[in-house]
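Enquirer: With the working numbering, you'll find the sequence shown wraps up at 140, consecutive numbering, no jumps. Don't be surprised by glycine CBs; every beta carbon is placed ideally from N, CA and C.
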Amino acid sequence: MGSVHDFKLYEQSVGEKVLDCVEIDGDSGYQGILRFHKNSLMPKKKTKGGVLSVVEKVANRCLARIRILVEHINAKVKVFKIVAYRYRNRRKRFGLRMALICSIINFENRN
Numbered sequence: 030m031g032s033v034h035d036f037k038l039y040e041q042s043v044g045e046k047v048l049d050c051v052e053i054d055g056d057s058g059y060q061g062i063l064r065f066h067k068n069s070l071m072p073k074k075k076t077k078g079g080v081l082s083v084v085e086k087v088a089n090r091c092l093a094r095i096r097i098l099v100e101h102i103n104a105k106v107k108v109f110k111i112v113a114y115r116y117r118n119r120r121k122r123f124g125l126r127m128a129l130i131c132s133i134i135n136f137e138n139r140n
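And the structure:
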């Protein structure tokens, strides 16, 4: 099957099924998500030859501060290689193993 972009995976699996009350934060790779989900936050991109205003820069920085926490957690999960590669074990146990990995990460972050 090969690699699949996150947004294509979102379109195929979740798409319009996310409730409107849920707020989705995405990076610039999720351009076009507003077609599926109106309550989405995306960083503002400067136009070609244009400049971002101070308010837009501050808003982008606030989004980045929130998103970087999520990206760090994703990186810690990928250390265990359960999501970095194709999962080749029983599908029934994937949820259990993922829960165990997430609880190990939560335990590490508390101490």
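1) With DSSP collapsed to three states, give me the class of residue 48.
2) Taking the alpha carbon of residue 66 as the reference point, which residue from 43, 32, 58, 80 has its own alpha carbon closest?
3) Report yes if the CB atom of residue 54 is closer than 7 Å to the CB atom of residue 96, and no otherwise.
4) Taking the continuous alpha helix (DSSP H) assigned at residue 92, which residues delimit it?
5) Around the Cβ of residue 62, are there at least 16 other Cβ atoms within 10 angstroms (buried) or fewer (exposed)?
6) Considering only residues of the same chain and omitting the five flanking positions on each side of residue 40, which have a CB-CB separation below 8 Å?
7) In this structure, does DSSP put residue 32 in helix, strand or coil?
8) Going by the DSSP bridge assignment, what does residue 69 pair with across the sheet?
Expert: Reading from the atomic positions:
1) Taking the first residue of the sequence shown as 1, we reach residue 48 at position 19. Residue 48: coil per DSSP, three-state reduction.
2) For the purposes of this step, residue 66 is taken as the residue at position 37 of the sequence shown. Cα-wise, what sits closest to residue 66 is 43.
3) Here residue 54 corresponds to residue number 25 of the sequence shown, with the count starting at 1. Here residue 96 corresponds to residue number 67 of the sequence shown, with the count starting at 1. Yes; because the gap between Cβ atoms is below 7 Å, this pair is in contact.
4) Here residue 92 corresponds to residue number 63 of the sequence shown, with the count starting at 1. 83–108 is the span of the alpha helix (DSSP H), which, as asked, contains residue 92.
5) Start at 1 with the first residue of the sequence shown, and residue 62 comes out as number 33. The residue is buried, with at least 16 neighbouring Cβ atoms inside 10 Å.
6) Here residue 40 is taken as the residue at index 11 of the sequence shown, counted from 1. Taken in chain order, the residues that qualify are 65.
7) Against the sequence shown, residue 32 aligns to sequence position 3. If DSSP states are grouped into helix, strand and coil, residue 32 belongs with coil.
8) Numbered from its first residue, the sequence shown carries residue 69 at position 40. In the DSSP output, where bridge partners are listed per residue, residue 69 has 53.
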